[in-house]
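Asks:
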Amino acid sequence: MPFEVYFPRSENYVAVSKNHITLNRNLVSKLNADHIQLAYDRDGKVIRVSAASPDSGLILNKTRIGAKGFLQYFGIDSKGKFPATFNEEEKTIYIQL
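Numbering of the sequence shown is given in full-length UniProt numbering, commencing with residue 1 and proceeding in unit increments.
1) If we call anything under 8 Å between Cβ atoms a contact, is I36 one with G57?
2) Return yes when the Cβ of K30 is within less than 8 Å of the Cβ of residue 98, no when it is not.
3) Report buried or exposed for A84, applying the criterion of at least 16 other Cβ atoms within 10 angstroms of its Cβ.
4) Please state if the CB of K79 and the CB of V16 are separated by a distance shorter than 8 Å.
5) Would you grab the beta carbon distance between residue 101 and N12 for me? Rounded to a whole angstrom, and I think it's under 8 Å.
6) With a Cβ-Cβ cutoff of 8 Å, do V46 and I95 count as a contact?
7) According to DSSP, is K30 part of a helix, a strand, or is it coil?
8) Over what stretch of residues does the alpha helix (DSSP H) that includes G80 continue unbroken?
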């Protein structure tokens with residue numbers, strides 16, 4: 001029987017719950033910000049997470065964003081893990097719901 005070796009991969013997935021958006025550590029390190037800005041594309045059902053200045057953005061606590069108001073405002077009731085991509089040029093995370 002041939003053996004297969006397991007190599008852990010850090011997939012770029014984001015968890016969305018009722019009150020929070022949780023990024024994985026890989027995405028947080030690429031974003032490199034303490035405060036973030038959230039935006040939503042209703043047509044494409046895509047959340048954009050980008051860095052923001054401390055006086056205008058939401059706080060990023062390690063990997064978690066308190067997003068209850070954002071999720072309610074846009075009527076986002078999708079919960080679970082969703083694929084995310086990081087755009088190097090824009091320094092932005094896109095979450096496909």
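We treat Cβ as the ideally placed atom computed from N, Cα and C, and that holds for glycine.
Replies: Well, looking at it:
1) Residue 36 sits at position 36 when you count from the first residue of the sequence shown. Residue 57 sits at position 57 when you count from the first residue of the sequence shown. In contact: I36 and G57 (Cβ atoms closer than 8 Å).
2) Missing from the structure shown is residue 98; the chain here goes from 1 to 97 and no further.
3) Against the sequence shown, residue 84 aligns to sequence position 84. Flag for A84 reads buried.
4) Reading the sequence shown from its first residue, position 16 is the one you call residue 16. Reading the sequence shown from its first residue, position 79 is the one you call residue 79. Result yes, Cβ atoms of V16 and K79 sit closer than 8 Å.
5) Here the chain covers residues 1 to 97 and nothing more, so residue 101 does not appear.
6) Looking up residue 46 in the sequence shown gives position 46. Looking up residue 95 in the sequence shown gives position 95. Their beta carbons are under 8 Å apart, which means V46 touches I95 by this criterion.
7) Residue 30 sits at position 30 when you count from the first residue of the sequence shown. Helix.
8) On the sequence shown, position 80 is the one that residue 80 refers to. No alpha helix (DSSP H) contains G80, which is instead part of the beta strand (DSSP E) from 80 to 87.
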